[in-house]
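Peer 1:
2 protein chains.
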Amino acid sequence: MEIASEPNAESQPEAAPRAVDWDNPRVASILSAAAKCFARKGFTATTLAEIGKELGLRKSIVHYYFASKAALIHEVQSFAYHQYLDRVKDAIRVVGGDKKVRTTGALESLWDALHSNKTNIGLSIEVWSASRRDPELKRRAATLQKESRKLVADGIAEVLGSDASNVRAMEATSALILAVLNGLSVAEYLEGEDATAKEAYQTFLWLLRLGVQEVEKRG
Amino acid sequence: MEIASEPNAESQPEAAPRAVDWDNPRVASILSAAAKCFARKGFTATTLAEIGKELGLRKSIVHYYFASKAALIHEVQSFAYHQYLDRVKDAIRVVGGDKKVRTTGALESLWDALHSNKTNIGLSIEVWSASRRDPELKRRAATLQKESRKLVADGIAEVLGSDASNVRAMEATSALILAVLNGLSVAEYLEGEDATAKEAYQTFLWLLRLGVQEVEKRG
Chain A
1 MEIASEPNAE SQPEAAPRAV DWDNPRVASI LSAAAKCFAR KGFTATTLAE
51 IGKELGLRKS IVHYYFASKA ALIHEVQSFA YHQYLDRVKD AIRVVGGDKK
101 VRTTGALESL WDALHSNKTN IGLSIEVWSA SRRDPELKRR AATLQKESRK
151 LVADGIAEVL GSDASNVRAM EATSALILAV LNGLSVAEYL EGEDATAKEA
201 YQTFLWLLRL GVQEVEKRG
Chain B
220 MEIASEPNAE SQPEAAPRAV DWDNPRVASI LSAAAKCFAR KGFTATTLAE
270 IGKELGLRKS IVHYYFASKA ALIHEVQSFA YHQYLDRVKD AIRVVGGDKK
320 VRTTGALESL WDALHSNKTN IGLSIEVWSA SRRDPELKRR AATLQKESRK
370 LVADGIAEVL GSDASNVRAM EATSALILAV LNGLSVAEYL EGEDATAKEA
420 YQTFLWLLRL GVQEVEKRG
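As given, the protein sequences belong to chains A and B, one line each in that order.
Sequential numbering from 1 applies to the first sequence in my numbering.
Sequential numbering from 220 applies to the second sequence in my numbering.
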């Protein structure tokens with residue numbers, strides 16, 4: 001098939017932007033390599049050629065799938081964020097135990113899931129910084145943030161069996177949880193891994209357990 | 220005095236780096252204008268000429284005080300961070316009320332103090348991003364972060380009257396508080412000001428009051 005085949009020669013004429021299929025293994029590998037490069041060196045200092053080199057691919061092949069670096073940046077942002085959302089979904093799907101244990105058990109998994117991936121925070125910082133000059137990137141970052149807040153809020157509501165009247169409280173708690181994860185990831189990014197961030201997170205989970213207890217007492 | 224006078228001509232030869240005196244009003248005005256420009260456009264896109272223009276000064280005058288943009292960036296970082304620390308100090312010096320009220324009263328002021336200043340988070344994000352390629356900037360950011368953690372930990376310890384055995388718990392709580400402030404500031408930076416961040420912070424303060432209550436019950 002002409003359209004689906006990759007370019008064989010460097011002389012490939014400018015490729016039109018293509019709808020990106022994340023299930024295509026080559027596309028996924030380019031996005032994943034790009035995320036790593038961007039997190040390590042930033043958007044400006046990273047070239048399409050370098051991203052190709054990570055995979056042993058010519059620049060023209062990267063260019064075949066992504067018409068421009070800007071297009072690749074937006075796609076990497078969505079791709080990485082959806083991986084993040086998937087990890088959040090997996091983490092909050094923890095079962096068993098009482099409400100307190102279930103809530104904080106899910107949040108323990110969330111920490112482990114995000115913590116094991118250094119590319120996350122590097123890429124996030126780069127997105128926040130580039131958002132200043134790229135309104136589309138900022139709009140997307142805001143949307144993705146709202147989505148993950150909703151996801152965590154739904155997870156909490158499910159565990160606590162909350163009714164609709166509590167929706168705003170769930171949203172606020174969810175915003176708090178995501179802020180703690182972001183804030184502690186930044187602290188670790190700057191200071192290197194040490195015990196402080198982990199202890200701060202444990203303190204947070206202890207406070208959340210007190211909060212759940214208090215809500216149950218009142219309800 | 221020859222050394223203290225500013226250059227009068229564009230042809231001023233390359234100025235040697237000078238010890239920077241924050242009490243010098245001109246130095247303070249340059250640092251403050253630079254912080255605004257950096258927060259708005261980022262380090263790379265901002266020129267010394269633009270910073271001078273903000274103040275109606277020629278580039279040569281900015282250059283007289285700061286030998287290079289790199290020197291100015293490091294100085295702005297320290298300057299902005301010490302202003303931040305001063306605001307933290309002022310905020311946690313709130314008096315009156317019982318322990319719970321004092322703790323969260325101080326943290327209410329802290330939110331207001333940091334919240335009123337949009338330059339803070341813009342500059343922080345730029346520092347985090349540039350830290351990737353500037354190890355000195357990262358080292359300084361890590362040191363300044365440790366200092367503010369210590370400051371908040373001391374403030375909590377004073378309010379709670381904690382003994383030395385609790386030092387690690389205070390440090391963890393302090394790291395958590397600063398992470399919440401950073402994380403929520405990032406959320407507001409991306410999504411614009413809305414009620415969610417404020418409500419998330421109120422939820423956090425409610426949890427902290429439960430925590431203080433629990434500690435008092437046990438002690």
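By construction, the Cβ of each residue, glycine as well, lies at the ideal position given by its N, Cα and C atoms.
Which residue's Cα is closest to the Cα of B/Val-246: B/Arg-312, B/Tyr-283 and B/Asn-401?
Peer 2: The residue labelled residue 246 of chain B in the question sits at position 27 within the second sequence. Considering only alpha carbons, the answer is B/Tyr-283.
Peer 1: For A/Glu-126, count the other beta carbons within 10 Å of its own beta carbon; 16 or more makes it buried, fewer makes it exposed. Which is it?
Peer 2: The sequence position of residue 126 of chain A within the first sequence is 126, counting from 1. Here A/Glu-126 is buried. Its C-beta has 16 or more other C-beta atoms within 10 Å.
Peer 1: Please tell me whether A/Leu-160 has its Cβ less than 9 Å away from any Cβ of chain B.
Peer 2: One-based indexing of the first sequence puts residue 160 of chain A at position 160. The C-beta of A/Leu-160 comes no closer than 9 Å to any C-beta of chain B.
Peer 1: Confirm, please, whether the CB-CB distance from A/Gly-192 to B/Ala-361 is below 9 Å.
Peer 2: Stepping through the second sequence from its first residue, residue 361 of chain B is reached at position 142. Stepping through the first sequence from its first residue, residue 192 of chain A is reached at position 192. Yes; because the gap between Cβ atoms is below 9 Å, this pair is in contact.
Peer 1: Keeping to the same chain, check which residues put their C-beta closer than 6 Å to that of A/Lys-138; ignore five residues upstream and five downstream.
Peer 2: Sequence index remark: in the first sequence, residue 138 of chain A carries index 138 (1-based). Cβ within range, chain order: Ser-131.
Peer 1: Once you ignore the five residues that flank B/Asp-309 on each side, which residues in its own chain have a CB closer than 8 Å to its CB?
Peer 2: Taking the second sequence and counting its residues from 1, one reaches residue 309 of chain B at position 90. Once the five neighbours on either side are set aside, the close Cβ partners of B/Asp-309 are Ser-328 and Ala-332.
Peer 1: In chain order, what residues of the same chain have a beta carbon less than 6 Å from the beta carbon of B/Glu-221, not counting five sequence neighbours either side?
Peer 2: Taking the first residue of the second sequence as 1, we reach residue 221 of chain B at position 2. Since pLDDT at B/Glu-221 reaches only 40, below the 50 mark, its modelled position is unreliable, and the value read off the structure follows with that caveat. Correct list: empty, nothing qualifies.
Peer 1: Which residues of chain B have a Cβ atom closer than 9 Å to the Cβ of A/Val-212, listed in chain order?
Peer 2: Here residue 212 of chain A refers to the residue found at position 212 when the first sequence is read from its first residue. By Cβ distance, chain B contributes nothing, its closest Cβ being about 10 Å from A/Val-212, past 9 Å.
Peer 1: I'd like to know if B/Ile-344 contacts chain A, where contact means its C-beta is closer than 9 Å to some C-beta of that chain.
Peer 2: Here the question's residue 344 of chain B lines up with position 125 in the second sequence. Chain A contact via Cβ: present.
Peer 1: Helix, strand or coil: which one does DSSP assign to A/Val-212?
Peer 2: Your numbering for residue 212 of chain A matches position 212 in the first sequence. For A/Val-212, the secondary structure class from DSSP, reduced to helix, strand or coil, is helix.
Peer 1: To which residues of the same chain is B/Ser-367 closer than 8 Å at the C-beta, ignoring the five residues directly before and after it?
Peer 2: For this step, residue 367 of chain B is matched to residue 148 along the second sequence. Only Tyr-300, Tyr-303, Leu-304, Val-307 and Leu-397 meet the Cβ criterion.
Peer 1: Check whether the Cβ of A/Arg-128 lies closer than 9 Å to any Cβ atom in chain B.
Peer 2: Taking the first sequence and counting its residues from 1, one reaches residue 128 of chain A at position 128. Here the sequence assigns Trp to residue 128 of chain A, which means Arg is not the residue at that position. Judged by the 9 Å Cβ criterion, A/Trp-128 is in contact with chain B.
Peer 1: For B/Thr-265, which residues of its own chain have a beta-carbon under 6 Å away from its beta-carbon, when the five flanking residues on both sides are left out?
Peer 2: Position 46 of the second sequence, counted from the start, is the residue given in the question as residue 265 of chain B. Excluding positions up to five away in sequence, the list reads Cys-256 and Phe-257.
Peer 1: With a cut-off of 9 Å, does the C-beta of A/Trp-221 fall near any C-beta of chain B?
Peer 2: Only positions 1 to 219 of chain A appear in the structure, and residue 221 of chain A is not among them; the question remains open.
Peer 1: Leaving out five residues before and five after A/Leu-48 in sequence, what residues of the same chain have Cβ atoms less than 8 Å from its Cβ?
Peer 2: Numbered from 1 along the first sequence, position 48 holds the residue referred to as residue 48 of chain A. Correct list, in chain order: Lys-59, Val-62, His-63, Phe-66, Lys-69 and Leu-72.
Peer 1: Restricting to Cα atoms, I'd like to know which of A/Leu-210, A/Thr-203, A/Asp-134 and A/Leu-160 is closest to B/Lys-260.
Peer 2: Counting from one through the second sequence, the residue named residue 260 of chain B turns up at place 41. With distances taken between Cα atoms, B/Lys-260 lies closest to A/Asp-134.
Peer 1: Please state whether the Cβ-Cβ distance between A/Gly-107 and B/Leu-426 is less than 9 Å.
Peer 2: For the purposes of this step, residue 107 of chain A is taken as residue 107 along the first sequence, with counting starting at 1. For the purposes of this step, residue 426 of chain B is taken as residue 207 along the second sequence, with counting starting at 1. In the sequence as displayed, the identity of residue 107 of chain A is Leu instead of Gly. Not a contact, by the Cβ cut-off of 9 Å.
Peer 1: Beta carbon of B/Leu-363, beta carbon of B/Val-295: below 9 Å?
Peer 2: Translated into the one-based positions of the second sequence, residue 363 of chain B becomes position 144. Translated into the one-based positions of the second sequence, residue 295 of chain B becomes position 76. The answer is no: Cβ separation not under 9 Å.
Peer 1: Suppose you measure from the CA of B/Lys-272 to the CA of A/Gly-52; what does that come to, to the nearest Å?
Peer 2: On the second sequence, residue 272 of chain B is found 53 positions in, with the first residue counted as 1. On the first sequence, residue 52 of chain A is found 52 positions in, with the first residue counted as 1. Spanning the two alpha carbons is a distance of roughly 42 Å.
Peer 1: Could you work out which residue in B/Tyr-420, B/Glu-377, B/Val-371 and B/Ala-376 is closest to A/Ala-175 when comparing CA atoms only?
Peer 2: Numbered from its first residue, the first sequence carries residue 175 of chain A at position 175. Checked all of B/Tyr-420, B/Glu-377, B/Val-371 and B/Ala-376; the closest Cα to A/Ala-175 is B/Tyr-420.
Peer 1: Report all residues from its chain with a CB closer than 8 Å to the CB of A/Ala-157; omit the five preceding and five following residues, and keep chain order.
Peer 2: Sequence index remark: in the first sequence, residue 157 of chain A carries index 157 (1-based). Correct list, in chain order: Asn-166, Val-167 and Met-170.
Peer 1: Rounded to a whole number of angstroms, what is the C-alpha to C-alpha distance between A/Gly-105 and B/Val-399?
Peer 2: As a working note, residue 105 of chain A is residue 105 in the first sequence. As a working note, residue 399 of chain B is residue 180 in the second sequence. Rounded to the nearest angstrom, the two C-alpha atoms are 20 Å apart.
Peer 1: When the Cα atoms are used, what is the spatial distance from B/Ala-414 to A/Lys-150?
Peer 2: Along the second sequence, read from residue 1 onward, the residue named residue 414 of chain B stands at position 195. Along the first sequence, read from residue 1 onward, the residue named residue 150 of chain A stands at position 150. Approximately 15 Å between the Cα atoms of the pair.
Peer 1: Over what stretch of residues does the alpha helix (DSSP H) that includes A/Trp-22 continue unbroken?
Peer 2: As a first step, residue 22 of chain A is located in the first sequence; it is residue number 22 there, counting from the start. Segment: none, A/Trp-22 is in no alpha helix (DSSP H) and carries neither H nor E.
Peer 1: Who are the near neighbours of B/Leu-424 in its chain, counting only those whose CB is closer than 8 Å to its CB and skipping five residues on each side?
Peer 2: Along the second sequence, one-based indexing puts residue 424 of chain B at 205. The answer, listed in chain order, is Thr-323, Leu-326 and Glu-327.
Peer 1: Out of curiosity, what's the CA-to-CA distance linking A/Thr-119 and A/Ala-34?
Peer 2: Residue 119 of chain A sits at position 119 when you count from the first residue of the first sequence. Residue 34 of chain A sits at position 34 when you count from the first residue of the first sequence. A/Thr-119 and A/Ala-34: Cα-Cα distance of roughly 10 Å.
Peer 1: By DSSP, does A/Leu-31 sit in helix, in strand, or in coil?
Peer 2: Counting from 1 along the first sequence, the entry for residue 31 of chain A is found at position 31. The answer is helix: DSSP assigns A/Leu-31 an H, G or I state.
Peer 1: CA-CA distance, A/Leu-184 and A/Ala-197?
Peer 2: Translated into the one-based positions of the first sequence, residue 184 of chain A becomes position 184. Translated into the one-based positions of the first sequence, residue 197 of chain A becomes position 197. Cα-Cα distance, rounded: 6 Å.
Peer 1: For a test of the three-state rule: what should DSSP assign to B/Ile-292, helix, strand or coil?
Peer 2: For the purposes of this step, residue 292 of chain B is identified with residue 73 of the second sequence, where counting begins at 1. Three-state result, B/Ile-292: helix.
Peer 1: Below 9 Å between beta carbons: does that hold for A/Ile-92 and A/Gly-161?
Peer 2: On the first sequence, residue 92 of chain A is found 92 positions in, with the first residue counted as 1. On the first sequence, residue 161 of chain A is found 161 positions in, with the first residue counted as 1. Contact flag unset, no.
Peer 1: How long is the line joining the alpha carbons of B/Val-405 and A/Arg-102, rounded to whole angstroms?
Peer 2: Your numbering for residue 405 of chain B matches position 186 in the second sequence. Your numbering for residue 102 of chain A matches position 102 in the first sequence. Using only the alpha carbons, I get a separation of about 28 Å.
Peer 1: Indicate whether at least one CB of chain A lies closer than 9 Å to the CB of B/Tyr-420.
Peer 2: Mapped onto the second sequence, residue 420 of chain B falls at position 201. At least one chain A Cβ lies under 9 Å of B/Tyr-420.
Peer 1: Helix, strand or coil: which one does DSSP assign to A/Leu-57?
Peer 2: Mapped onto the first sequence, residue 57 of chain A falls at position 57. The answer is coil: DSSP assigns A/Leu-57 none of H, G, I, E or B.
Peer 1: Here's the rule: buried if 16 or more other CB atoms are within 10 angstroms of the residue's CB, otherwise exposed. What is B/Ser-248?
Peer 2: Locating residue 248 of chain B in the second sequence gives position 29, counting from the first residue. By the neighbour-count rule (16 or more Cβ atoms within 10 Å), B/Ser-248 is not buried but exposed.
Peer 1: Mind checking which residues open and close the alpha helix (DSSP H) that includes A/Ala-175?
Peer 2: Residue 175 of chain A sits at position 175 when you count from the first residue of the first sequence. Annotation: the continuous alpha helix (DSSP H) that includes A/Ala-175 extends over 167-191.
Peer 1: Return the chain-ordered list of same chain residues with a C-beta closer than 7 Å to the C-beta of B/Leu-342, the five sequence neighbours on each side being excluded.
Peer 2: By 1-based counting over the second sequence, the position of residue 342 of chain B is 123. Counting only Cβ-Cβ distances below 7 Å, and skipping sequence neighbours, we find Ala-254, Phe-257, Ala-258 and Ala-299.
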